[in-house]
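If you read the sequences in order, they're chains A, B and C.
Going by my numbering, the first residue of the first sequence is number 2, and it counts up by one from there.
Going by my numbering, the first residue of the second sequence is number 2, and it counts up by one from there.
Going by my numbering, the first residue of the third sequence is number 2, and it counts up by one from there.
Beta carbons are placed, not taken as given, at the ideal position from N, Cα and C, and that holds for glycine.
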Amino acid sequence: MDKRKILIQLDADEQASLFDRVVAVDAGAEVLFSHAGVQPEQVKDLVHGAIFTRGPKDLKSTAIFIGGSQVAAAEQLLRSALSHMIPAFGLRVSIMLDANGSNTTAAAAVRVATRHLVLQGMKCLVLGGTGPVGRRAALLLGSLGAEVRLASRDFKKAQEACKEIQPPGANARPLPFQVSNSRELLEALHGCALVISAGAPGVRLIDGASLKQSADLKLAIDLNAVPPLGIEGLEVMDKGAQREGIIYYGAIGVGELKMKTHKACIRKMFEQNDLVLDALEIFDISKTV
Amino acid sequence: MDKRKILIQLDADEQASLFDRVVAVDAGAEVLFSHAGVQPEQVKDLVHGAIFTRGPKDLKSTAIFIGGSQVAAAEQLLRSALSHMIPAFGLRVSIMLDANGSNTTAAAAVRVATRHLVLQGMKCLVLGGTGPVGRRAALLLGSLGAEVRLASRDFKKAQEACKEIQPPGANARPLPFQVSNSRELLEALHGCALVISAGAPGVRLIDGASLKQSADLKLAIDLNAVPPLGIEGLEVMDKGAQREGIIYYGAIGVGELKMKTHKACIRKMFEQNDLVLDALEIFDISKTV
Amino acid sequence: MDKRKILIQLDADEQASLFDRVVAVDAGAEVLFSHAGVQPEQVKDLVHGAIFTRGPKDLKSTAIFIGGSQVAAAEQLLRSALSHMIPAFGLRVSIMLDANGSNTTAAAAVRVATRHLVLQGMKCLVLGGTGPVGRRAALLLGSLGAEVRLASRDFKKAQEACKEIQPPGANARPLPFQVSNSRELLEALHGCALVISAGAPGVRLIDGASLKQSADLKLAIDLNAVPPLGIEGLEVMDKGAQREGIIYYGAIGVGELKMKTHKACIRKMFEQNDLVLDALEIFDISKTV
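And the structure:
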């Protein structure tokens with residue numbers, strides 16, 4: 002008899018994300034074990050509980066999902082979890098990181114862009130680029146050969162983020178830009194065909210006038226669902242809407258693909274026991290949905 | 002494929018009520034997500050997790066149960082949860098409050114009374130009336146047109162409780178009574194056909210002598226299962242037992258109907274996504290079991 | 002319709018043991034309610050939630066598993082849980098203690114021994130005998146009529162442990178031994194056919210030279226899986242391997258029987274509602290797998 006599919010949810014928040022719980026069930030996890038308030042030092046026992054309870058052949062029916070609202074804490078849990086697997090003996094389970102939806106959101110945004118643009122060699126701007134979604138979007142765009150500009154109000158933060166982002170096979174890292182006023186915004190947008198707005202909820206990053214002056218812009222994607230949206234003139238439900246030569250996607254317009262990607266990743270984990278699904282792997286899966 | 006029926010249990014206690022967990026499963030919840038130690042400020046994310054994960058058509062397969070031992074805290078969670086639903090877009094799920102069994106207990110007690118008495122215009126006394134069950138019993142009796150007397154050892158508390166209870170369609174609110182001795186008890190019982198004893202566990206509220214002197218009393222219901230019971234001469238298993246002209250129901254005698262009501266409410270929540278099951282709605286459902 | 006099989010996991014640790022969770026599911030628990038950080042004063046409500054929600058005939062579909070890493074805390078939870086059952090009214094559920102795997106590990110080790118030796122009247126040494134596994138192994142060996150020697154580096158601790166161990170039907174309690182050097186080890190091993198090493202992970206208790214000088218030794222079982230193992234020359238995977246006249250079992254060699262015993266116990270609990278599975282009962286069940 003096949004083992005029941007167990008998804009182990011590790012979450013650093015005090016309450017395990019209910020969003021992640023519902024999606025896990027809808028993606029086909031038959032049993033969900035949610036652990037909230039997880040500290041890095043607790044991960045060893047949890048991982049051992051995952052890998053020492055079923056034979057190696059059955060370990061594809063156990064998987065770990067690391068979520069919650071705190072992305073840095075989740076990344077620490079991921080590193081810790083990986084360090085306690087024992088791959089030499091086949092004692093590992095597939096694992097996915099999607100704290101705050103950062104990986105699935107970035108993957109869906111970039112996947113949407115590939116439907117309209119050939120990104121190889123193309124100039125792209127990521128606003129709010131130092132946040133979890135922005136960093137991942139920049140990484141994915143870079144992996145596709147785009148010339149990525151990563152913008153922040155704070156140039157130093159942009160620089161630091163760019164240093165940490167290493168797109169595989171890309172010739173260059175993202176370029177840091179400071180964008181704290183309209184003039185800097187126009188400079189950053191200059192020559193760009195794509196802009197992804199990945200700033201904080203409820204913060205406007207692009208005004209309508211700047212958009213009009215950006216002659217090369219073909220596609221604008223905003224991942225902020227809380228008014229005011231990140232891009233003036235864009236609607237949260239936009240899903241390929243064209244206005245004055247620009248194609249728009251709002252947060253909800255990207256949301257369906259994000260959700261499908263999330264579910265596809267969970268299903269994928271139950272096919273083999275050696276997956277590590279972070280930004281690049283999740284982007285690959287987003288292409289299949 | 003139909004979505005699995007997910008019940009979300011919100012509980013302010015450190016351990017989620019196991020009573021509520023077992024009943025949820027036996028009532029047909031296919032998946033139970035229990036959240037313990039829930040603080041009001043955590044409710045927003047939880048509600049958003051409930052309403053943003055499934056399409057509006059599927060939201061009837063997600064529901065929220067608010068329980069636990071702390072009734073006031075649970076009422077606060079209910080208010081918070083309702084404030085974060087988005088009914089204008091159909092983004093809501095059904096929700097039920099039954100902290101400490103207060104709603105299902107009060108509903109079952111009053112439902113039992115309607116099997117023996119026509120409550121319209123009838124004088125009824127609720128002892129321990131300022132507690133969660135007492136207040137709800139008074140509300141339900143008032144909604145049926147009874148002349149409700151709400152008694153407490155402390156008159157001020159009785160007065161305050163009466164002010165907060167607003168039976169729909171009733172001409173009058175409950176009347177506050179102080180009952181701190183036998184004389185006051187007899188005054189409060191005078192003319193009453195029904196008494197519901199809803200005091201603390203293990204506290205006697207009516208002695209046998211007072212019962213005998215209450216000529217109009219036809220039905221006595223005690224909701225206290227811990228000896229000494231609230232009403233002298235009554236047995237915890239009494240379920241319509243008649244002795245010297247009075248019909249008796251003890252806590253266990255009422256319990257079966259309470260449990261059936263609880264389960265019927267949970268089943269009902271999975272039929273539509275816009276129910277708010279508090280005292281009056283739960284009483285309505287108790288009539289159907 | 003049969004009630005779903007609910008296993009209630011009580012765990013004093015901050016995160017409920019994931020090991021116990023997975024095994025519970027694989028053993029056939031249809032619903033698992035995990036309670037972490039359980040304090041003794043919380044047990045009453047939990048037990049009442051277990052016994053007051055289903056009729057006595059259905060209570061065999063509810064069971065309690067007490068696990069976690071803290072054996073003393075778990076034993077306290079067990080005592081508390083038993084005190085809140087109401088057997089006179091059939092209001093009880095089956096309950097099992099296996100904190101840190103202590104009972105199933107000891108049972109599997111002694112069961113393995115019975116396959117090779119007749120233990121009645123036989124001298125047996127338990128090293129690390131004051132720990133949870135060592136105490137239980139000594140109890141089980143004693144119940145089979147063995148002459149048990151319980152060793153610790155600290156003689157007083159060994160004495161105290163021996164006082165607390167009361168094998169049923171045995172003529173004598175275990176004898177305390179101090180083993181803090183090779184000479185004391187040889188004395189303790191003198192005449193013994195069996196040694197069980199139940200010390201802390203990563204601590205060597207028997208060196209190869211002492212083994213060779215123990216002419217009567219026929220079977221050596223080590224329950225420590227972390228190098229250095231407890232017995233020099235033994236391998237963690239040993240499962241009946243013979244070398245120079247001694248049969249060896251390592252921790253993983255015993256592990257399969259331990260796991261089968263664990264699962265059999267959980268299945269057994271769902272057959273009746275009055276089981277209390279502690280060391281002796283779990284050993285009995287280990288004979289059936």
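For Asp46 of chain A, the closest Cβ of chain C is nearer than 9 angstroms. Between the alpha carbons of Phe53 of chain C and Arg22 of chain B lies a gap of roughly 12 angstroms.
Cβ neighbours of Gln77 of chain A within its own chain (closer than 7 angstroms, five residues either side excluded): Pro41. Between Ser181 of chain A and Asn225 of chain A, the beta carbon gap of about 18 angstroms keeps them out of contact (Cβ cut-off 8 angstroms). His191 of chain C carries a coil assignment under DSSP once its states are collapsed to helix, strand and coil.
Secondary structure at Thr115 of chain A: helix, using DSSP grouped into helix, strand and coil.
Exclusion of the five residues before and after Ala189 of chain A leaves Leu126, Arg150, Ala152, Phe178 and Val180 as the residues of its chain whose Cβ lies within less than 7 angstroms of its Cβ. Straight-line measurement puts the Cα of Pro229 of chain A at about 21 angstroms from the Cα of Glu245 of chain A.
The beta-carbon separation of Arg174 of chain C and Cys163 of chain C, rounded to 5 angstroms, stays under the 8 angstroms limit for a contact. Annotated as proximal: Val111 of chain C and Phe284 of chain C, with beta-carbon spacing under 9 angstroms. With distances taken between CA atoms, His49 of chain B lies nearest to B:Val94 out of B:Val94, B:Glu31, B:Val290 and B:Ile67.
In the three-state DSSP reduction, Pro175 of chain A falls in the coil class, being neither helix nor strand. Here DSSP, grouped into helix, strand and coil, assigns Ala64 of chain C to strand. In the three-state scheme derived from DSSP, where H, G and I count as helix and E and B as strand, Glu282 of chain A is classed as helix. Taking 9 angstroms as the CB threshold, Ala17 of chain C lines the interface with chain A. In this structure, Ala265 of chain A places its C-beta atom within 9 angstroms of the C-beta atom of Ile286 of chain A. Neighbours of Ala51 of chain A in chain C, taken as residues at a C-beta separation under 8 angstroms, are given in chain order as Leu19 and Val23. For Met270 of chain A, the uninterrupted alpha helix (DSSP H) run begins and ends at Ala252 to Met270, by DSSP. Taken in chain order, the unbroken stretches of alpha helix (DSSP H) that lie wholly in the segment 74–148 of chain B and span 4 residues or more are 103–117 and 133–144.
Neighbours of Val26 of chain B in chain A, taken as residues at a C-beta separation under 8 angstroms, are lacking, since the least C-beta distance is about 14 angstroms. Contact between Leu281 of chain C and Ser144 of chain C holds, with the beta-carbon distance rounding to 6 angstroms and staying under 8 angstroms. Beta-bridge analysis with DSSP links Asp12 of chain A to A:Gly68. In the three-state DSSP reduction, Leu212 of chain C falls in the helix class (H, G or I). Proximity of Leu33 of chain C to chain A, defined by a Cβ-Cβ separation below 9 angstroms, is satisfied.
Secondary structure note for Leu220 of chain C: its beta strand (DSSP E) is the uninterrupted segment Leu220 to Asp223. With contacts defined as CB atoms closer than 9 angstroms, Pro169 of chain A and Leu142 of chain A fail to qualify as a contacting pair.
Looking only at B:Leu220, B:Ile232, B:Gly192 and B:Asp27, the smallest Cα-Cα distance to Met260 of chain B is reached by B:Asp27.
Beta-carbon to beta-carbon, Ala159 of chain B and Thr131 of chain B are separated by about 6 angstroms, close enough to satisfy the 8 angstroms threshold. Per DSSP, reduced to three states, the secondary structure at Ala30 of chain B is coil, with no helix or strand assignment. Put simply, the backbone Cα of Ala201 of chain A is about 34 angstroms away from that of Val277 of chain B. Within chain A, the residues placing a beta-carbon under 7 angstroms from that of Lys4 of chain B are Asp27, ordered along the chain. Cα atoms of Gly241 of chain C and Arg5 of chain A: separation of roughly 32 angstroms, rounded to the nearest angstrom. Between Ile222 of chain C and Leu195 of chain C, the C-beta gap is smaller than 9 angstroms, which places the two residues in contact.
In the structure shown, the three-state DSSP call for Ile52 of chain B is helix. Not flagged as an interface residue toward chain A: Ser62 of chain C, since no C-beta distance is shorter than 9 angstroms. Its chain contains Ile52 as the residues whose beta carbon lies nearer than 6 angstroms to that of Leu92 of chain A, once the 5 sequence neighbours on both sides are disregarded; these appear in chain order.
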